[in-house]
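Undergrad: This structure is in structure tokens; I'll ask about it shortly.
Chains as they are written, first to last, in our numbering: chain A, 7 to 593; chain B, 480 to 920.
Structure follows, in structure tokens:
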């Protein structure tokens, strides 16, 4: 008895030792909320929660057996997911509404309408055969984890791998190990509190403290645009996970047109507790992004920030360190107010971004259709190379010979590079990637036509009469450095804050990689009558039987003569009836 | 008399009028407006354009669901296109018109060979005919008189007119099948088998013509010629597509499995669109089995007249194959007209023709109502395609019955037939088990 107890104690002690010696990985968590006024009465909220984990063992992601590791802040479910399905990097976004880049500027994390998932899967050696099954299982797992019905992405009929438009954002664990990209978009996927809840459970302070306190689902989902995102990628020292929630609230609806706004007035919540699990270096932060040039924000922000930085591209960043503010000033809560001298800024005063893309449909009826993607380069002097990615579901069969590029007045422009993959019915969508140089002050028009296929009755989405969605066109380019971008959020603000403080008032703008998503289109496709399966079966088989019956008659019967005498007449139905009636007649 | 390529002035005038009629229709209607119900996903000039565009972009044309024609057919049409001054596949009308003209010449040749064949066959069988049936026999003159109506039917059949507007590529396969039939009538079995192989290479279903060809002459050389030609065509295609057999999948498996449900004039599109998944393979098998199973009894029945057998086999597959093309069916109507001796015995042909006219008039209306304003649903158009299939099957049946009746009358004397006791006899079809009483009047 004593011996057993002793043995157990020793084993537990040994386990602790082993765990602490071998597997202590340094983890880090920081959070921020970026606020900005987008003009025209739109307020931007960008929640960023960044987790980093330094991994000593670089095979971590590759080895599923590393599950005995200890996790304190980094969500273990995400790490296990990646390890299990050999996912070295993935990006999941669930968005509602359309990010109007022409009016709001470029988003730091671009998101299409609906759901998008793209992942780089390890395809090293023996894993190359398992990419398909790994992707399938990964999608199911993600779908379950975030309560999103994105299972349709698992089938190849939706997923594709673009050649140029999507590059890995993180570093590969083992140098140049081969990776395979899978991208899937489902346009009509809604986003709702049931997605936000499992997402917010990944936060170390949940919704109890820090920025998370502001995640008021009722207000955030009742917005012009909102998006729940998960970005997981490897870094040079380990793993990084960004949980992002973006919302654009239309104050004309939310506040009945009142121009002045504050975090509290729009979200009905305020931060009363800092998240003590956030790293002391950055802590919980509230950042306000203001335009200073060429058309400065008219809003006056209260209270005065603790620090502010002038960024490139005529932007100013006001930094509110919530941890400090709540500690120092012994306040109950922190609120940031934006006061305006007038109602809202009219649209024409806003400077539009250098490249704007738009997509619309041409043609009538549900037999043939067409699409036009218009991309304009508004930069005064610089030509921009754009990569256009068009994914066309197999239900809408793209006619490649109808692809036309019009650049300015040149009606038959040729793309610098074309990558096209045809669709295969029920197997994969069509994929078109174009590399085109758009000269300054010129617009490019890409158009093509497609036939709307009549698909099987069970291949329609639940509401067949709603129509089919054509996913958004993805336009990728490197925005020129001297353009005054309307960019509400800096990419990965938290991670670069140290650099910002190091070289304060940095003004040299850098070229920025931008990925734009156009509108998704709703296409009216032909529909069969869904109540007909048995009737059709019966009718078609009848006609088939008539046809083969005719041939049977011809092949198996001989012509002969018959005697139309009364005896034969009696043999007919009417004859027999008459015969039956004769005794009655006589009476 | 003046002849050009063996066509008389009147026939030439018909050809010219036919061409002008097509050009006028093309100016009035766009290909898109009639494509759906007069062309098929297989036989469409769109495929030729797509093939050209894909090859220029360096994409494997058969790695997708767009193309269902074999590479040599597409190359041939592209070559014709560039020969006629196109180059971008934009001379569809000219290429197809040229193919239709060639088809007309082939038809003329078929008429001549068919006439000779019929007279030959008649001379061989005349000893077994009833002496009273001699007035029913055909003469060279009566066959020659057929030429104008047949050529007129070839050019002015409404279905061939709309198919031409829709830029259906059927004229190519029609041409090959016509040549094959002409060779068959002439008795050159080897050539016929080679042409049959070419037609089968293009669209799979003319494969059934190999049965009458084998019955018409020595089977072994015919089969050898068939296999040799087919192997050559397939191997050439293999080399043309850069050493890939992918085209087999997109051409022949497509015909066999009917995965595309584009509304057409066949039975299959709506059936496979509506069928439950677990029934689908059964019905795919039924569709193909229907075509194969009918061949054997017909071959036994009509083994003495391979030319007639060829016509009905071709007609049956053209009606019931999954992707039928009305232009092919228009040609079949032409061949029916060619058998003028049977017209007198086709008693209910009027019904079939009226049904066809109804289908022709209602098809574009129903198609438009379904897909454009949405005021009708798919069942309306489906009903019309059912009607069309039924009418075509009925027409084929009446044609076969007329043939059997005429054969009977040739052996037993012309109508009205009388029994020995003077009562009038009625000709009926009976299962051969019943004891038959043959009486000559």
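Ideal placement from N, C-alpha and C gives every residue a C-beta, glycine not left out.
In the region 562–608 of chain B, which residue ranges form an unbroken alpha helix (DSSP H) of at least 4 residues, counting only runs that do not cross its ends?
TA: Complete alpha helix (DSSP H) runs here, min 4: 571–604.
Undergrad: Just list the residues that DSSP pairs residue 217(A) with in beta bridges.
TA: On the first chain, residue 217(A) is found 211 positions in, with the first residue counted as 1. DSSP, once it has assigned bridges, lists no residue as partnering residue 217(A).
Undergrad: Within 10 Å of its beta-carbon, does residue 365(A) have 16 or more other beta-carbons around it, so buried, or fewer, so exposed?
TA: If you number the first chain from 1, residue 365(A) lands on position 359. The residue is buried, with at least 16 neighbouring Cβ atoms inside 10 Å.
Undergrad: Would you identify the three-state DSSP class for residue 261(A), choosing helix, strand or coil?
TA: As a working note, residue 261(A) is residue 255 in the first chain. Note: residue 261(A) maps to coil in three-state DSSP.
Undergrad: Please identify, using Cβ separations under 8 Å, the residues of the region 515–540 of chain A that lie next to chain B, in order along the chain.
TA: From the region 515–540 of chain A, only 532, 533, 534, 535, 538, 539 have a Cβ closer than 8 Å to chain B.
Undergrad: Within 10 Å of its beta-carbon, does residue 517(A) have 16 or more other beta-carbons around it, so buried, or fewer, so exposed?
TA: For this step, residue 517(A) is matched to residue 511 along the first chain. Residue 517(A) is exposed by the Cβ-count criterion.
Undergrad: What do you get for residue 507(B), buried or exposed, if any count of 16 or more other CB atoms within 10 angstroms of its CB means buried?
TA: Residue mapping note: residue 507(B) aligns to position 28 of the second chain, counting from 1. With fewer than 16 Cβ atoms within 10 Å of its Cβ, residue 507(B) is classed as exposed.
Undergrad: Please name the residue in 407(A), 388(A), 555(A) whose C-alpha comes closest to that of residue 546(B).
TA: The sequence position of residue 546(B) within the second chain is 67, counting from 1. Comparing Cα-Cα distances from residue 546(B) to each of 407(A), 388(A), 555(A), the minimum goes to 407(A).
Undergrad: Who pairs with residue 518(A) in a beta bridge, going by DSSP?
TA: Indexing the first chain from 1 puts residue 518(A) at position 512. Answer is 485(A), bridged to residue 518(A).
Undergrad: Quick one: Cα of residue 833(B) to Cα of residue 153(A), how far?
TA: Within the second chain, numbered from 1, the residue matching residue 833(B) stands at position 354. Within the first chain, numbered from 1, the residue matching residue 153(A) stands at position 147. Near 60 Å, if we compare the C-alpha coordinates of residue 153(A) and residue 833(B).
Undergrad: Going by alpha carbons, who is nearest to residue 197(A) out of 213(A), 524(A), 252(A), 214(A)?
TA: Here the question's residue 197(A) lines up with position 191 in the first chain. Among 213(A), 524(A), 252(A), 214(A), the Cα nearest to that of residue 197(A) belongs to 252(A).
Undergrad: Between which two residues does the beta strand (DSSP E) containing residue 186(A) stretch?
TA: In the first chain, the residue the question calls residue 186(A) occupies position 180. Residues 185–192.
Undergrad: Cβ closer than 9 Å: which chain A residues qualify as neighbours of residue 756(B)?
TA: In the second chain, counting from the first residue as 1, residue 756(B) sits at position 277. Near residue 756(B) (Cβ distances below 9 Å), the residues of chain A are 462, 464.
Undergrad: Buried or exposed: residue 919(B), going by 16 or more other Cβ atoms within 10 Å of its Cβ?
TA: In the second chain, residue 919(B) corresponds to position 440, counting from 1. In this predicted model, residue 919(B) has a pLDDT of only 37, less than 50, meaning its place in the structure is not dependable enough to derive any value.
Undergrad: How many Å lie between residue 124(A) and residue 439(A) at the Cα?
TA: Taking the first residue of the first chain as 1, we reach residue 124(A) at position 118. Taking the first residue of the first chain as 1, we reach residue 439(A) at position 433. If you take the alpha carbons of residue 124(A) and residue 439(A), they lie about 17 Å apart.
Undergrad: Hey, residue 145(A) and residue 160(A): beta-carbon distance below 9 Å or not?
TA: In the first chain, residue 145(A) corresponds to position 139, counting from 1. In the first chain, residue 160(A) corresponds to position 154, counting from 1. Against a cut-off of 9 Å, the Cβ pair of residue 160(A) and residue 145(A) comes out as a contact.
Undergrad: Count the other C-beta atoms from every protein chain shown that fall within 10 angstroms of the C-beta of residue 73(A), then say buried if there are 16 or more, exposed otherwise.
TA: As a first step, residue 73(A) is located in the first chain; it is residue number 67 there, counting from the start. With a pLDDT of only 48 at residue 73(A), under the threshold of 50, the placement of this residue in the model should not be trusted; the figure read from the coordinates follows. Counting Cβ neighbours within 10 Å, residue 73(A) comes out exposed, since fewer than 16 surround it.
Undergrad: Within 9 Å (strictly less), CB to CB, does residue 554(B) reach chain A?
TA: By 1-based counting over the second chain, the position of residue 554(B) is 75. No, residue 554(B) lies away from the interface with chain A (no Cβ there is under 9 Å from its Cβ).
Undergrad: So if I threshold CB-CB distances at 7 Å, which residues from the region 846–859 of chain B count as touching chain A?
TA: Within the region 846–859 of chain B, the qualifying residues are 850, 851, 856, 857, 858.
Undergrad: For chain B, find out if any of its Cβ atoms is closer than 9 Å to the Cβ of residue 396(A); answer yes or no.
TA: As a working note, residue 396(A) is residue 390 in the first chain. False, the Cβ-Cβ gap to chain B never drops below 9 Å.
Undergrad: Under the assumption that residue 688(B) contacts residue 782(B) (Cβ atoms under 8 Å), give the Cβ distance between them as a whole number of angstroms.
TA: What you label residue 688(B) is simply residue 209 of the second chain in a count that begins at 1. What you label residue 782(B) is simply residue 303 of the second chain in a count that begins at 1. Actually they do not touch by this definition, with Cβ atoms about 15 Å apart.
Undergrad: Cβ of residue 564(B) less than 9 Å from any chain A Cβ?
TA: Position 85 of the second chain, counting from 1, holds the residue named residue 564(B). No, residue 564(B) does not count as interfacial toward chain A.
Undergrad: Starting from the C-beta of residue 895(B), find all residues in its chain whose C-beta is less than 6 Å away, skip the five residues before and the five after it, and write them out in chain order.
TA: To locate residue 895(B), count along the second chain from 1; it is residue 416. Hits under 6 Å: 903.
Undergrad: Where does the unbroken alpha helix (DSSP H) through residue 884(B) begin, and where does it stop?
TA: Locating residue 884(B) in the second chain gives position 405, counting from the first residue. From DSSP, the alpha helix (DSSP H) with residue 884(B) extends over 857–891.
Undergrad: Can you grab the Cα-Cα spacing for the pair residue 341(A) / residue 451(A), in whole Å?
TA: Locating residue 341(A) in the first chain gives position 335, where the first residue counts as 1. Locating residue 451(A) in the first chain gives position 445, where the first residue counts as 1. Going from the Cα of residue 341(A) to the Cα of residue 451(A) covers about 46 Å.
Undergrad: Any beta carbon from chain A within less than 9 Å of residue 887(B)'s own beta carbon?
TA: Counted from its first residue, the second chain places residue 887(B) at position 408. Answer yes: the Cβ-Cβ gap between residue 887(B) and chain A drops below 9 Å somewhere.
Undergrad: If we ignore side chains and look at the alpha-carbon of each, how far apart do residue 149(A) and residue 120(A) end up?
TA: Indexing the first chain from 1 puts residue 149(A) at position 143. Indexing the first chain from 1 puts residue 120(A) at position 114. Residue 149(A) and residue 120(A): Cα-Cα distance of roughly 14 Å.
Undergrad: Could you tell me which chain A residues have their CB closer than 7 Å to the CB of residue 738(B), listed as they occur along the chain?
TA: By one-based count along the second chain, residue 738(B) stands at place 259. The contacting residues are 431.
Undergrad: Looking at residue 189(A) and residue 168(A), is the spacing between their C-beta atoms short of 9 Å?
TA: Locating residue 168(A) in the first chain gives position 162, counting from the first residue. Locating residue 189(A) in the first chain gives position 183, counting from the first residue. Yes, the Cβ-Cβ distance between residue 168(A) and residue 189(A) is below 9 Å.
Undergrad: Can you find a C-beta in chain A that's less than 9 Å from the C-beta of residue 528(B)?
TA: Counting from one through the second chain, the residue named residue 528(B) turns up at place 49. Yes, contact with chain A.
Undergrad: So, helix, strand or coil for residue 67(A), using DSSP?
TA: By one-based count along the first chain, residue 67(A) stands at place 61. At residue 67(A) the pLDDT is 48, less than 50, meaning the model places this residue with poor confidence; the figure from the coordinates comes in the next sentence. DSSP places residue 67(A) in coil when its eight states are reduced to three.
Undergrad: Kindly give me the distance between the Cβ atoms of residue 798(B) and residue 862(B), rounded to whole angstroms, as I take these residues to be in contact under 8 Å.
TA: Translated into positions along the second chain, residue 798(B) becomes position 319. Translated into positions along the second chain, residue 862(B) becomes position 383. About 17 Å separates the two Cβ atoms, so there is no contact after all.
Undergrad: Over what stretch of residues does the beta strand (DSSP E) that includes residue 95(A) continue unbroken?
TA: For this step, residue 95(A) is matched to residue 89 along the first chain. That run of the beta strand (DSSP E) goes 93–102.
Undergrad: Where does residue 73(A) sit, in a helix, a strand or coil, going by DSSP?
TA: Along the first chain, read from residue 1 onward, the residue named residue 73(A) stands at position 67. Residue confidence for residue 73(A) is low, a pLDDT of 48 falling below 50, so the modelled location carries little weight; the figure read from the coordinates is stated next. Note: residue 73(A) maps to helix in three-state DSSP.
Undergrad: Between 724(B), 526(B), 586(B), which has its C-alpha nearest residue 661(B)'s C-alpha?
TA: Locating residue 661(B) in the second chain gives position 182, counting from the first residue. Residue 586(B) is the option with its Cα nearest to residue 661(B).
Undergrad: Distance check for residue 558(B) and residue 89(A), CA to CA, integer angstroms please.
TA: Position 83 of the first chain, counted from the start, is the residue given in the question as residue 89(A). Position 79 of the second chain, counted from the start, is the residue given in the question as residue 558(B). Looking at the two C-alpha atoms, the distance is approximately 55 Å.
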